[in-house]
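Data first, discussion second: the structure below is written as structure tokens.
Protein chains: 2
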Amino acid sequence: MSPKPRANDVKERLVEAAIRLLAEGGPEALQARKLAAEVGVSTMAVYTHFGGMAALVDEVARTGFRKLSAWLAEVAETDDPVADIFGLARTYRQAVAEQPQLFAVTFGQSAPGGKRATLSDLTTEEGREAAQEGLEAFEHIVRATERAIEAGRFRPADKYQAAAQLWSALHGFVTLEASGHFGAGEQGIDHILIPLGITLAVGLGDTVERAEHSTEAAKAVWRARTGNAGQGGND
Amino acid sequence: MSPKPRANDVKERLVEAAIRLLAEGGPEALQARKLAAEVGVSTMAVYTHFGGMAALVDEVARTGFRKLSAWLAEVAETDDPVADIFGLARTYRQAVAEQPQLFAVTFGQSAPGGKRATLSDLTTEEGREAAQEGLEAFEHIVRATERAIEAGRFRPADKYQAAAQLWSALHGFVTLEASGHFGAGEQGIDHILIPLGITLAVGLGDTVERAEHSTEAAKAVWRARTGNAGQGGND
DNA sequence: CTCCATTTATAACAGGGTTATGAGATACTG
DNA sequence: CAGTATCTCATAACCCTGTTATAAATGGAG
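For the protein sequence lines, the chains are A and B, in the order given. The first sequence: position 54 = 54 (my numbering), numbered continuously. The second sequence: position 123 = 358 (my numbering), numbered continuously.
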């Protein structure tokens with residue numbers, strides 16, 4: 001097996017193997033020796049390509065952001081921007097639910113004190129320029145928020161500020177759910193995420209009726225997407 | 236120094252030292268040998284008292300929850316339950332801002348030595364029993380939410396469900412802020428946390444005017460508390 | 001005092017990340 | 001084409017950290 005790894009995709013394969021090990025065995029399974037064995041090379045590959053495990057983990061974290069952005073980008077824009085926001089939320093939650101270990105690294109690695117350039121303030125112009133991958137995922141929420149404001153569903157407001165509110169709530173729910181605080185399975189979606197979304201939409205200016213209608217629309221779109229061809233694959 | 240550790244508070248001192256090392260050097264500094272040296276004992280103490288580093292980290296996580304609960308318990312109940320919720324939010328945020336490393340462990344984002352602390356489900360009866368400390372912090376939000384519903388500020392709703400929404404949003408904001416996404420200092424509070432709180436309050440049934448008034452009331456209380464005698468001490 | 005349980009220090013072991021070194025491959029240069 | 005420089009990778013060692021085996025010290029029970 002593994003006849004001979006072709007020249008330069010060893011780096012790529014290391015990251016892929018790292019994500020696989022992470023998904024299967026959690027953070028403890030992410031070890032240089034296991035990684036090397038998985039790819040069929042020696043541990044030196046980690047050092048020639050990344051400089052060390054820390055940098056590799058960093059790359060894994062960035063890959064998580066990229067995957068998240070890619071998934072969010074697949075959410076189609078409809079004429080109901082609030083429903084689109086719910087669609088983004090479901091997608092965000094689904095990504096984390098499917099690969100909790102990966103996103104635990106992704107969100108954990110962005111902590112300050114780490115080596116990596118931290119994503120800076122997303123509510124200022126300069127900050128947005130400094131933050132690459134993290135911002136990209138955020139931008140999808142911003143765009144949908146902007147459309148909701150333009151459509152009169154949300155009150156006029158700073159789109160970044162409103163989107164940051166939505167992102168906070170969504171991220172908090174997803175994080176707490178991944179930590180096991182909201183039970184297993186899908187119950188957290190119905191019991192908390194959807195009511196939370198309605199609360200936020202209404203608080204931002206939508207009516208209860210329209211917000212509820214949008215959750216139903218989003219649920220229908222979601223069923224069509226995941227019913228036909230699940231989006232849970234590897235990009 | 237350290238004349239001779241008295242019998243059974245070695246356990247206590249180990250946890251204290253662990254929190255100190257964590258605060259000063261991050262997760263990587265939380266090591267059995269450093270810990271033992273800090274307390275003035277051998278590494279064996281970790282094993283006789285905890286069974287291993289994993290259990291010690293777990294105890295550190297639980298201590299974080301206990302401190303958080305203690306801080307939240309200090310927030311007085313006024314006749315404005317929505318203002319009280321804002322007070323709880325500021326306190327929650329302040330705790331994490333002051334001891335980000337500790338709460339990164341508490342919430343499971345940081346994994347010293349690969350050993351993550353695990354928490355339990357708060358939306359089920361059994362889960363709530365298993366998670367004493369986690370629940371205690373959550374209960375403060377539940378209680379304030381209940382009062383807001385009873386006072387007619389929030390629409391009638393399941394108090395746990397409504398509180399879970401508030402907790403999600405608050406936790407998400409705090410987490411993202413601690414990761415550096417919302418800039419440094421207090422700007423995240425004014426730009427995002429307070430607007431988020433107003434959005435949620437309004438979405439749950441409050442009026443914009445009363446919600447805004449409550450944020451001001453909470454800010455005044457906060458200034459009085461932190462202006463007089465900061466609450467940043469150890470429990 | 002003697003016995004027993006608990007706690008602790010010492011020292012070794014095990015398993016990780018990392019590094020030194022040299023061999024092989026690759027590409028550029030004359 | 002020959003030679004050389006560079007990049008990549010395997011081997012083997014090194015260091016650090018969690019852990020455990022063992023025995024000494026401690027302290028209460030009888």
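Backbone N, C-alpha and C fix where the C-beta goes; we use that ideal spot for every residue, glycine too.
- Counting C-beta atoms within 10 angstroms of its own C-beta, A:R223 has fewer than 16 neighbours from the protein chains shown and is therefore classed as exposed.
- In the displayed model, A:E77 falls within coil according to three-state DSSP, outside both helix and strand.
- Per DSSP, B:I427 lies in no alpha helix (DSSP H) and is assigned neither H nor E.
- Residue B:A267 holds the alpha-carbon nearest to the alpha-carbon of B:M288 among B:R445, B:T326, B:A267.
- Neighbours of A:Q94 in chain B, taken as residues at a C-beta separation under 9 Å, are lacking, since the least C-beta distance is about 17 Å.
- Taking all protein chains shown into account, A:P81 has 16 or more neighbouring C-beta atoms within 10 Å of its C-beta and is therefore buried.
- Residue burial is scored here from C-beta neighbours: A:T48 has fewer than 16 other C-beta atoms within 10 angstroms and is therefore classed as exposed.
- When the alpha-carbon of A:E186 is set against those of A:G25, A:W71, A:A148, A:E98, the nearest one is in A:E98.
- Pairing A:L30 with A:A18 gives a Cβ-Cβ distance under 9 Å.
- Proximity of A:V202 to chain B, defined by a Cβ-Cβ separation below 9 Å, is satisfied.
- Beyond the five residues adjoining it in sequence on each side, B:L401 comes within less than 7 Å, by CB distance, of I320, I376, T380, L435 in the same chain, given in chain order.
- Along the segment 312-325 of chain B, none of the residues has a CB nearer than 9 Å to a CB of chain A.
- Taking the CA atoms as reference points, A:K219 sits about 29 Å from B:T442.
- Counting along the chain, the unbroken alpha helix (DSSP H) around B:R255 starts and ends at 245-260.
- Each residue's CA atom was taken as its position, placing A:E28 and A:L21 some 9 Å apart.
- Each of B:V250, B:T326, B:A398 was checked against the Cα of B:A290, and the nearest Cα belongs to B:V250.
- Proximity of A:W167 to chain B, defined by a Cβ-Cβ separation below 9 Å, is satisfied.
- Among the CB atoms of chain B, one or more fall inside 9 Å of the CB of A:L176.
- With a threshold of 9 Å between beta carbons, B:G407 makes contact with chain A.
- Bounds of any alpha helix (DSSP H) do not take in B:T442, whose DSSP letter is neither H nor E.
- Not a single C-beta of chain B is nearer than 9 Å to the C-beta of A:I141.
- Sorting A:F103, A:F173, A:T226 by C-alpha distance to the C-alpha of A:A23 places A:F103 at the top.
- Under the 9 Å criterion on CB atoms, B:A399 is classed as interfacial with respect to chain A.
- Taking a beta-carbon distance threshold of 9 Å, B:T434 counts as an interface residue toward chain A.
- Relative to the Cα of B:R382, the nearest Cα in the group B:A372, B:A398, B:L307 belongs to B:A398.
- In this structure, A:F107 and B:Q344 form a Cβ contact; the two beta carbons are roughly 7 Å apart against a cut-off of 8 Å.
- Residue-level contact by beta carbon holds for A:F182 and chain B, with a gap shorter than 9 Å.
- B:R382 sits in a helix when the DSSP states are folded into three classes.
- Taking the Cα of B:E374 as reference, the smallest distance to any Cα among B:L270, B:W306, B:D293, B:P335 is reached at B:W306.
- Boundaries of the alpha helix (DSSP H) harbouring B:E412: 394-413, taken from the DSSP string.
- By the rule that beta-carbons nearer than 9 Å mark a contact, B:S449 does not touch chain A.
- Here the alpha carbon of A:A95 sits roughly 36 Å from the alpha carbon of B:G286.
- The Cβ atoms of B:A404 and A:L196 sit closer than 9 Å to each other.
- Taken through DSSP and simplified to helix, strand or coil, B:P335 comes out as helix.
- The three-state secondary structure of A:V41, taken from DSSP, is coil.
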